[in-house]
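**Q** Per the working numbering, residue 314 is the first one in the sequence shown, and the count goes up by one each step. Every residue gets a Cβ at the ideal spot worked out from N, C-alpha and C, and that includes glycine. Just so you know, these numbers come straight off a predicted model, no measurement behind them. Quick one: this structure, given as C-alpha cells, is what I'll be asking you about.
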Amino acid sequence: MIENGEALLEGRHVTKRFGGLVAVNNIDFVVRQGEMVGLIGPNGSGKTTLFDCLSRVQPIDEGQVLFKGIDITAKKPHQVAHLGMARTFQVIRVYRKLTVLENLLVSRQWRGESLFGQLTRANVDLEDRARELIEFVALSHLVDSPAGTLSGGQRRLLEIGMALMPDPDLLLLDEAASGVNPTLVETIKDRIRVLNQDHGKTFLLVEHDMRFISDLCSRVYVLNYGERLAEGTPAEVMKSEAVIEAYFGA
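What follows is the structure, given as C-alpha cells:
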C-alpha cells in the first residue's frame, strides 16, 4: 500500500532517442501518492514523449521506470494498466459508433476479448458502475448517444470516464483542456479536483494551458529540448527567467 507522499510513479535517468534525435535526455521524475503534478514545455520539448515513456507506450533506451515500487521498464501498457495506471491521449480516443454507455463498458481492459464479448458479458454491477461514472462526468443526458455525436469537450469527459472504469490509482491526462470550450474546461477541472480530494486519485497532467495547470497542480516539471528545465510550484516556475525565455523568447 503506497501512503500519501510516497513515490507512486518514478522515472530514473529516462532517455529516449529517435535515430540521432535525443527526445528525452536523462530525466529524473517522480509523482507521489495523492499529488497532482503538471508537465509543461514548449512544442517539441519532449513532454509527450516522456509521458509515453512513463506510461510504457514508448520503450526507453536508457533508465528505469517504477510504479508502486515495481520496475515496469519492460512491461507492456496493458500490464501497467492492470497495476492501476490509466491514461488519456492528446488525440481523443473513443469508440465513435458506440454509445456513451457502451464506451464505458468496453473500458474494463479485459485483454484478448472482442468488443462484442465485452459488451455481452457486462453484468448489472458493471453497468451500474458505468452509469455512476457517466453521471460523475456530467454525461447522463447523453448515455445512449453515439460518442461520435458528442462535442470535443464531451468526448474528453467521456475519455476520462473510460479511464476511470478500471478504478486506477494514477491517471495520466494528455492535454485534457485542448480544444474544449471554457465551460467544459471548468467541468473537467472540477471532476479532477473531486477525484483527487475525495477519492484519493493521483494525477499527472500534460498541458499547454498554464491556467489549467496552476489551478490544479501543486508541483510542475518544465521540459525544453528533451531536458528538465525547471521544477517547482506553478508560481515558481513561471517566475523563472529560463522558463519565460523557453516559452516566449529572450
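How many angstroms separate the CA atom of residue 468 from the CA atom of residue 384?
**A** On the sequence shown, position 155 is the one that residue 468 refers to. On the sequence shown, position 71 is the one that residue 384 refers to. Taking the straight line from one Cα to the other gives about 33 Å.
**Q** Can you give the beta carbon distance from residue 337 to residue 363, rounded, assuming they're within the 8 Å contact cut?
**A** Counting from one through the sequence shown, the residue named residue 337 turns up at place 24. Counting from one through the sequence shown, the residue named residue 363 turns up at place 50. The pair is a contact, with the Cβ atoms about 5 Å apart (cut-off 8 Å).
**Q** Can you tell me whether residue 373 is buried or exposed, with buried defined as 16 or more other CB within 10 angstroms of its CB?
**A** Along the sequence shown, read from residue 1 onward, the residue named residue 373 stands at position 60. Buried, because 16 or more other Cβ atoms sit within 10 Å of the Cβ of residue 373.
**Q** Can you give me the C-alpha to C-alpha distance between residue 317 and residue 403, rounded to a whole angstrom?
**A** Position 4 of the sequence shown holds residue 317. Position 90 of the sequence shown holds residue 403. Their Cα atoms are separated by approximately 28 Å.
**Q** Going by beta-carbon coordinates alone, are residue 474 and residue 410 separated by less than 8 Å?
**A** Position 161 of the sequence shown, counted from the start, is the residue given in the question as residue 474. Position 97 of the sequence shown, counted from the start, is the residue given in the question as residue 410. Contact: no.
**Q** With DSSP as the reference, identify every bridge partner of residue 334, one or two as the case may be.
**A** Counting from 1 along the sequence shown, the entry for residue 334 is found at position 21. Per DSSP, 331.
**Q** With H, G and I counted as helix, E and B as strand and the rest as coil, what does DSSP make of residue 505?
**A** Taking the sequence shown and counting its residues from 1, one reaches residue 505 at position 192. Helix, per DSSP.
**Q** Would you call residue 537 buried or exposed, if buried means 16 or more other Cβ atoms sit within 10 Å of its Cβ?
**A** In the sequence shown, the residue the question calls residue 537 occupies position 224. It is buried - the Cβ of residue 537 has at least 16 other Cβ atoms within 10 Å.
**Q** State the DSSP-derived secondary structure class of residue 427, mapped to helix, strand or coil.
**A** Locating residue 427 in the sequence shown gives position 114, counting from the first residue. For residue 427, the predicted structure reports a pLDDT of 49, less than 50, and the residue's modelled location is therefore unreliable. The matter cannot be settled from this model.
**Q** Could you tell me whether the Cβ atoms of residue 518 and residue 349 are closer together than 8 Å?
**A** The residue given as residue 518 occupies position 205 in the sequence shown. The residue given as residue 349 occupies position 36 in the sequence shown. In contact: residue 518 and residue 349 (Cβ atoms closer than 8 Å).
**Q** Under DSSP, the alpha helix (DSSP H) around residue 526 begins and ends at which residues?
**A** If you number the sequence shown from 1, residue 526 lands on position 213. It spans 523-529 - the alpha helix (DSSP H) in which residue 526 sits, taken as one unbroken run.
**Q** Check whether the region 541-552 and the region 519-533 are in contact - that is, three or more C-beta pairs closer than 8 Å.
**A** Yes: the two stretches touch, three or more of their Cβ pairs being nearer than 8 Å.
**Q** Scan the region 381-410 and note each continuous beta strand (DSSP E) run of 3 residues or more that stays entirely inside, going in chain order.
**A** Here the runs fully enclosed are 398-400.
**Q** For the region 453-505, which segments carrying the alpha helix (DSSP H) assignment without a break, of at least 4 residues, lie completely within its bounds, in sequence order?
**A** Runs of the alpha helix (DSSP H) inside the region 453-505: 465-477.
**Q** Who are residue 532's beta bridge partners in DSSP?
**A** Taking the sequence shown and counting its residues from 1, one reaches residue 532 at position 219. In DSSP, residue 532 forms a bridge with 350.
**Q** Can you give me the Cβ contacts of residue 420 inside the same chain, cut-off strictly under 6 Å, excluding the 5 residues immediately before and after it?
**A** The count along the sequence shown starts at 1 and reaches residue 420 at position 107. Counting only Cβ-Cβ distances below 6 Å, and skipping sequence neighbours, we find 475 and 478.
**Q** With 16 as the cutoff for other CB atoms within 10 Å, does residue 358 come out buried or exposed?
**A** Start at 1 with the first residue of the sequence shown, and residue 358 comes out as number 45. By the neighbour-count rule (16 or more Cβ atoms within 10 Å), residue 358 is buried.
**Q** Whose CA, out of 541, 552 and 554, lies closest to the CA of residue 354?
**A** On the sequence shown, position 41 is the one that residue 354 refers to. The option with the nearest alpha carbon to residue 354 is 541.
**Q** Exposed or buried, which one is residue 520 when buried takes at least 16 other CB atoms within 10 Å?
**A** Within the sequence shown, numbered from 1, the residue matching residue 520 stands at position 207. Buried.
**Q** Using a Cβ-Cβ cutoff of less than 8 Å, which residues in the same chain neighbour residue 414 once the five nearest sequence positions on both sides are dropped?
**A** For this step, residue 414 is matched to residue 101 along the sequence shown. Cβ neighbours of residue 414 beyond the five flanking positions: 440, 443, 444, 447, 456 and 457.
**Q** Looking at C-alpha atoms only, which residue of 412, 470 and 356 is the closest neighbour of residue 400?
**A** Against the sequence shown, residue 400 aligns to sequence position 87. For residue 400, the nearest C-alpha among the options comes from 470.
**Q** Under the rule that 16 or more other beta-carbon atoms within 10 Å means buried, what is residue 356, buried or exposed?
**A** As a position in the sequence shown, residue 356 is number 43, starting the count at 1. With fewer than 16 Cβ atoms within 10 Å of its Cβ, residue 356 is classed as exposed.
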